[in-house]
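Asker: Please find one structure pasted underneath; my questions will follow.
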Amino acid sequence: ILLALAGAVAYAMFFMPKSDTSGSRGADRTGAAGEASQAPPAQSPEAGDEPRPDRTSPKPGPEASRTAGGTETQSNVAEGFTLRKDPEGFRVAVAEGWNRTPRNGSGQVVYGKGDFELLVVPGRDRASEFGDDPMAYQRDSEPELASYRASSWATSSGLKTIEVGGRTMAEGQFTWSGADGELYVRNVAMLIDGRYHVVQVRGPEAERDEVSRLFEQASATYQYTR
30 ILLALAGAVA
40 YAMFFMPKSD
50 TSGSRGADRT
60 GAAGEASQAP
70 PAQSPEAGDE
80 PRPDRTSPKP
90 GPEASRTAGG
100 TETQSNVAEG
110 FTLRKDPEGF
120 RVAVAEGWNR
130 TPRNGSGQVV
140 YGKGDFELLV
150 VPGRDRASEF
160 GDDPMAYQRD
170 SEPELASYRA
180 SSWATSSGLK
190 TIEVGGRTMA
200 EGQFTWSGAD
210 GELYVRNVAM
220 LIDGRYHVVQ
230 VRGPEAERDE
240 VSRLFEQASA
250 TYQYTR
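First residue of the sequence shown: 30, per the working numbering; consecutive thereafter.
Have a look at this one:
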């Protein structure tokens, strides 16, 4: 009996520790596997989290807004032109490097360089005196076209009346012989608040494209500021 009891004790001592160690290691492996399976959910919120607007899309400060506004204003003027704010109360795009002649006795402000001139008349004539039809004013009365009407050789084309934003204007293309040869002239007469405003570009007849380029910038940007 004692021999059998001693054998049982020896058996227990020999086998039981091995079984506990195996169980502990099994538990460690299970825990490690559990942590690995939990890792993706722990990282998932970061992966799915959208960036905060204040980190990725900061609002422009006052300086940035002013700079953008200045750029937008200049984008309306073609390269090679500058928007001139004239002391006679208007703004107009003028080719860079042109000289200004102060308002003369005919009420004209003249910008020019070489063979080209830009004439601006800011509200000299009243509709109450010349009527409210810009086309009739351009054809029969506008002093800036007096040489056209008096010339023995003169042509006109592209005559049209335009209404934009409550403003009525008459536009035309004219040629006549002057002291310096044949002139090509682009003209627009605008009726603004009961007064006629004139924007006109003159140049050599052989330089029609350049005259048109200068005129289109001036007429598109003219604004009376008083």
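The C-beta atom is built at its ideal place from N, Cα and C for all residues, glycine as well.
(1) Measure from the alpha carbon of T184 to the alpha carbon of each residue in D222, G201, A165, then state which is nearest.
(2) Given this structure, state the Cα-to-Cα distance separating S157 from G223, to the nearest angstrom.
(3) Does the Cβ-Cβ distance between N133 and G141 come in under 8 Å?
(4) Label R255 either buried or exposed according to how many other C-beta atoms from any shown protein chain fall within 10 Å of its C-beta, with 16 as the threshold for buried.
(5) Closest by CA to Y177, which one among N105, T250, R231, R113?
(6) When we look at the beta-carbon of N216 and count the other beta-carbons within 10 Å, is it buried (16 or more) or exposed?
(7) Please classify Q252 as buried or exposed, where buried requires at least 16 other C-beta atoms within 10 Å of its C-beta.
(8) Apart from the five residues just before and just after W182, which ones in its own chain have a Cβ nearer than 6 Å to its Cβ?
(9) Tell whether a beta-carbon distance below 8 Å holds between V121 and A247.
(10) Roughly how many whole angstroms lie between the Cα atoms of G136 and R153?
(11) Just how far apart, CA to CA, sit G118 and H226?
(12) Helix, strand or coil, according to DSSP, for T50 in the structure here?
(13) Give the straight-line distance between the Cα atoms of T130 and M219, rounded to the nearest whole angstrom.
(14) Hey, quick one: how far does the beta strand (DSSP E) through A124 stretch, first residue to last?
(15) Cutting at 6 Å between CB atoms, please list the residues of its own chain near K279, excluding the five before and the five after it.
(16) Tell me the rounded alpha-carbon separation between R168 and V228.
(17) Short check: CB of L212 to CB of A124, under 8 Å?
(18) Tell me the DSSP secondary structure of E64 in three-state form.
(19) Which same chain residues end up closer than 7 Å to I191 when comparing Cβ atoms and leaving out the 5 residues on each side of it in sequence?
(20) Tell me where the alpha helix (DSSP H) around Q167 begins and ends.
(21) Assign D209 to one of three DSSP states: helix, strand, or coil.
(22) Assuming F203 and V214 are in contact, meaning their beta carbons sit under 8 Å apart, how far apart are those beta carbons, in whole angstroms?
Answerer: This is what the structure gives:
(1) G201
(2) 7 Å
(3) no
(4) exposed
(5) R231
(6) buried
(7) exposed
(8) S206
(9) yes
(10) 6 Å
(11) 12 Å
(12) Confidence in T50 is poor, its pLDDT being 43 and thus under 50, which makes the residue's placement too unreliable to answer from.
(13) 22 Å
(14) 119-124
(15) Any answer about residue 279 is impossible in this case: the structure gives the chain only from 30 up to 255.
(16) 15 Å
(17) no
(18) For E64, the pLDDT reaches just 40, beneath the cut-off of 50, and the residue's location in the model is therefore unreliable, leaving the point undetermined.
(19) M198, E200
(20) That residue, Q167, is in no alpha helix (DSSP H); it is neither H nor E in DSSP.
(21) coil
(22) 4 Å
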